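Using full-length UniProt numbering, the letters of the sequence shown map in sequence onto residues 1 to 497.
Glycine included, every Cβ here is placed at the ideal spot set by N, Cα and C.
None of these values were measured; they are calculated from a predicted model.
Single-structure report; data block below.
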Amino acid sequence: MFPTRDIPSPSSLFSAYASMAASMMLVRSMANEIIPQPVRGFLLSTLRYYFKPHSPRLTLVIEENCGMSRNQVYDAAEVYLCTKISPNTERLKISKSPKEKNLMIRLEKGERLIDFYDGVELKWRFVCAESEKSNPNDSQPRSEKRFFELSFLKKHKEQILNTYVPFVLERAKAIKDEERVLKMYTLNSSYNFHGVKWESINLEHPATFETLAMDPELKHSVMEDLNRFVKRKEFYKRVGRAWKRGYLLYGPPGTGKSSLIAAMANHLRFDVYDLQLANILRDSDLRKLLLSTANRSILVIEDIDCSIELQDRRRADGRKQSDAQLVQLTLSGLLNFIDGLWSSCGDERIIVFTTNHKERLDPALLRPGRMDMHIHMSYCTSHGFKQLANTYLGIRGHHYLFSEIEGFLENTHVTPAQVAEELMKGDNADVALQALIKLLKRKNIEGDHDAEDDDAAAADQKNAGIQKAKRQKLVNKPIKSTRNTRAKSMIRRRKCL
Ligand SMILES: Nc1ncnc2c1ncn2[C@@H]1O[C@H](COP(=O)(O)OP(=O)(O)OP(=O)(O)O)[C@@H](O)[C@H]1O
Ligand SMILES: [Mg+2]
């Protein structure tokens, strides 16, 4: 026989419960008194953590700002996610500012997206929430807090943080570069006591490596060189060199030096700073201008041989006193600054010098290590001609007039600019090619040596134009164009005759 237990009556149960609750309250109030607030908070959150059901997912919150500055991950996500818009997306925001080429498409608040990376599913959500007012009596409207939520299985945490997020940052940079309108900076013409300043316009030069007529191997090596340069951030850091690269482009007028610069800018999506030295009088102005150039840009100094002061430092002593007082810009000042401070306080800098006369350059410029690559832009070759015929006339294969033209090109000096001009003379390929043959025949009769004389004369004429512009500057006469476009068009006219 088992002993029978006494079954408690409801009234006894109630009194037991009441006394337990009272003792709990007593313990709690004692705990409140005994255990300090921070420790209590910690104990409660720990207990909550252990008794809460655990989710296998991790959510990263990517807020718009981090302190005073923008959160780069947020900006990158905004751009990157536009490429992931699915047919299920219901609302998108579009906008376009006057300076942008394309529509800007962004997610609308509350929209969700799914992305896959290396087989991992990633859920994105764009959230806009009104932020709490720190002071409820504040009459200011609540500000909006925007953030992305990125959730995925916890086991992928390392992979997402170490590879996916950097991947999103990199993709966004590439997308932004493609969307960006390139700028061309030139110097404003008014020289006052503040010196000269950069002014920008959109760079819409259509030249690309594809349309450029130049030796295919040389073209390939220039492209390779540029691609390697932009990828070598860590290399430059490791070897302790400034992340800059210099190119010297040389060759007769009309062989595509300026076109190559535009092709480089379009290829890398870099802005161009066209530094017309004739507009600068002092090293201090030059320094100011160089320091205000941005990273990921190409600094261009055209016709470097065309400035008396820069051409040969040894002549400086012989200069007239008045000129010496006014012109304080020196080649050494330029080179020292480019090699030193300027290149070390920026990243991904490219500098390009052009000249029609490499042999006239100061040896300081040609010293090894100064201009990393010397690129000779030469007269039109058979390959270059075919490239131009493709670009201008759309001829991809062979044409019955090609062999005659190629025969002439082997022993006639004609620049790609001259060939291009002939090919533009008609939409009809036969007419344009016949016009080119006529030019080649005439040049062939005149003889090569004349052509060379012509080039030298053309370059000298251009040089003289720039010198004149510089002298005008010295007597403080405002000049419209230091590059002397008139001189250039005269050169072209003469060369085309
Ligand atoms: N290699 C080339 N490939 C394609 N087009 C060319 C080439 N060279 C010249 N051209 C055509 O001729 C025009 C003038 O060429 P560009 O201004 O590039 O010559 P340049 O070498 O810079 O001359 P300069 O020494 O006078 O500054 C270009 O706008 C382009 O249309
Ligand atoms: Mg040029």
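Exercise. Give the straight-line distance between the Cα atoms of Arg471 and Lys443, rounded to the nearest whole angstrom.
Key: With a pLDDT of 43 at Arg471, under the threshold of 50, the modelled position of that residue is not reliable, and the figure given next carries that caveat. Taking the straight line joining both Cα atoms gives about 36 angstroms.
Practice problem: Could you name the residues that DSSP lists as bridge partners for Ser69? | Solution: Beta-bridge pairing links Ser69 to Cys66.
Quiz item: If you measure from the CB of Ala420, is any heavy atom of ligand 1 nearer than 7 angstroms?
Solution: Checking the Cβ of Ala420 against ligand 1 gives yes.
Practice problem: Measure the alpha-carbon distance for Tyr250 versus Arg360 and round it to whole angstroms. | Solution: Going from the Cα of Tyr250 to the Cα of Arg360 covers about 11 angstroms.
Quiz item: Got a sec: is the Cβ-Cβ distance from Glu204 to anything in chain D below 8 angstroms?
Solution: The structure shown contains no chain D; it holds only a single protein chain.
Practice problem: Kindly indicate which residue of Ala262, Lys288 and Asn295 has the alpha-carbon position closest to the one of Ile302. | Solution: Looking at the sequence provided, one finds Glu at residue 302 rather than Ile. Selected option, being the one with the closest Cα: Ala262.
Quiz prompt | CB of Val61 within 8 angstroms of CB of Phe116, strictly | solution = With contacts defined as CB atoms closer than 8 angstroms, Val61 and Phe116 fail to qualify as a contacting pair.
Quiz item: Roughly how many whole angstroms lie between the Cα atoms of His413 and Leu439?
Solution: Each residue's alpha carbon lies about 11 angstroms from the other.
Practice problem: Could you tell me if Asn102 is buried or exposed, where buried requires 16 or more neighbouring beta carbons within 10 angstroms of its beta carbon? | Solution: By the 10 Å Cβ count, Asn102 comes out exposed.
Quiz item: Who are the near neighbours of Ala429 in its chain, counting only those whose CB is closer than 7 angstroms to its CB and skipping five residues on each side?
Solution: Contacts found: Leu393, Ile395 and His399.
Self-check item: Three-state secondary structure (DSSP) of Arg171
Solution: Three-state DSSP puts Arg171 in a helix.
Quiz item: Opposite Tyr185 in the DSSP bridges: which residues?
Solution: Answer is Ser200 and Tyr273, bridged to Tyr185.
Practice problem: Tell me Cys128's beta-bridge partners as DSSP assigns them. | Solution: Cys128 is bridged to Arg146.
Quiz item: If you run the structure through DSSP and keep just helix, strand and coil, what is Phe209?
Solution: If DSSP states are grouped into helix, strand and coil, Phe209 belongs with coil.
Practice problem: Below 6 angstroms CB to CB, which residues in the same chain sit around Arg245 once its five sequence neighbours on both sides are set aside? | Solution: Excluding positions up to five away in sequence, the list reads Phe229, Ile350 and Asp372.
Quiz prompt | beta-carbon Gly256 near ligand 1 non-hydrogen atom, thresh 7 angstroms | solution = At least one heavy atom of ligand 1 falls within 7 angstroms of the beta-carbon of Gly256.
Quiz item: By DSSP, does Glu404 sit in helix, in strand, or in coil?
Solution: Looking at Glu404 - three-state DSSP - the assignment turns out to be helix.
Practice problem: For my contact list, Lys93 and Glu108 are in at a C-beta cut-off of 8 angstroms; report their separation, rounded to the angstrom. | Solution: Contact between Lys93 and Glu108 is confirmed by a C-beta separation of about 5 angstroms, below the 8 angstroms threshold.
Quiz item: Using the rule of at least 16 other Cβ atoms within 10 Å of the residue's Cβ for burial, across every protein chain shown, is Glu111 buried or exposed?
Solution: So Glu111 counts as buried.
Quiz item: Taking Cβ positions, are Cys380 and Ala207 nearer each other than 8 angstroms?
Solution: No, they are not a contact pair.
Self-check item: Backbone secondary structure at Thr355 - three-state DSSP
Solution: Strand at Thr355.
Quiz item: Nearest-angstrom Cα distance between Val181 and Pro87?
Solution: CA-CA distance, Val181 to Pro87, rounds to 29 angstroms.
Quiz prompt | As assigned by DSSP and simplified to three states, the class of Val120 | solution = Looking at Val120 - three-state DSSP - the assignment turns out to be strand.
Quiz item: For Gly246, which beta-bridge partners are listed by DSSP?
Solution: BP columns for Gly246 point to Ile351.
Self-check item: Cβ shell of His376 (< 7 angstroms), same chain only, five flanking positions each side left out
Solution: Contacts found: Tyr250 and Gly251.
Quiz item: Closest to Arg367 by CA distance: which of Ser403, Asn336 and Glu64 is it?
Solution: The shortest Cα separation from Arg367 among Ser403, Asn336 and Glu64 belongs to Asn336.
Quiz item: By DSSP, does Met377 sit in helix, in strand, or in coil?
Solution: Residue state, collapsed to three classes: coil.
Practice problem: Would you mind sorting Ile405 into buried or exposed? The rule is 16 or more other CB atoms within 10 Å of its CB. | Solution: The Cβ neighbour count for Ile405, taken over all protein chains shown within 10 Å, is at least 16; the residue is labelled buried.
Quiz prompt | Alpha-carbon spacing of Glu422 relative to Phe402, whole angstroms | solution = Rounded to the nearest whole angstrom, the C-alpha separation of Glu422 and Phe402 is 14 angstroms.
Quiz item: Quick one: is the Cβ of Thr211 within less than 7 angstroms of any heavy atom of ligand 1?
Solution: Remark: the C-beta of Thr211 is in contact range of ligand 1, defined as less than 7 angstroms to any heavy atom.
Self-check item: Per DSSP, the bridge partner or partners of Lys93
Solution: The partner list for Lys93 (beta bridge, DSSP) reads Arg106.
Exercise. Compute every distance between the C-beta of Thr354 and the non-hydrogen atoms of ligand 2, then say whether any falls below 7 angstroms.
Key: Yes, ligand 2 has a heavy atom inside 7 angstroms of this Cβ.
Quiz item: Hey, is the stretch 69-80 in contact with the stretch 166-177, meaning 3+ C-beta pairs nearer than 8 angstroms?
Solution: As far as the Cβ criterion goes, the stretch 69-80 touches the stretch 166-177, which means the pair count is three or higher.
Practice problem: Rank Leu334, Glu130, Lys358 and Asn295 by C-alpha distance to the C-alpha of Leu275 and give the top, closest one. | Solution: Residue Leu334 holds the alpha-carbon nearest to the alpha-carbon of Leu275 among Leu334, Glu130, Lys358 and Asn295.
Quiz item: How many whole angstroms separate the CB atoms of Tyr273 and Tyr185, which I take to be in contact at a CB cut-off of 8 angstroms?
Solution: With 8 angstroms as the limit, Tyr273 and Tyr185 qualify as a contact, their Cβ atoms being about 5 angstroms apart.
Quiz item: When burial is assigned at 16 or more other CB atoms within 10 Å of the CB, is Ser55 buried or exposed?
Solution: That one is exposed.
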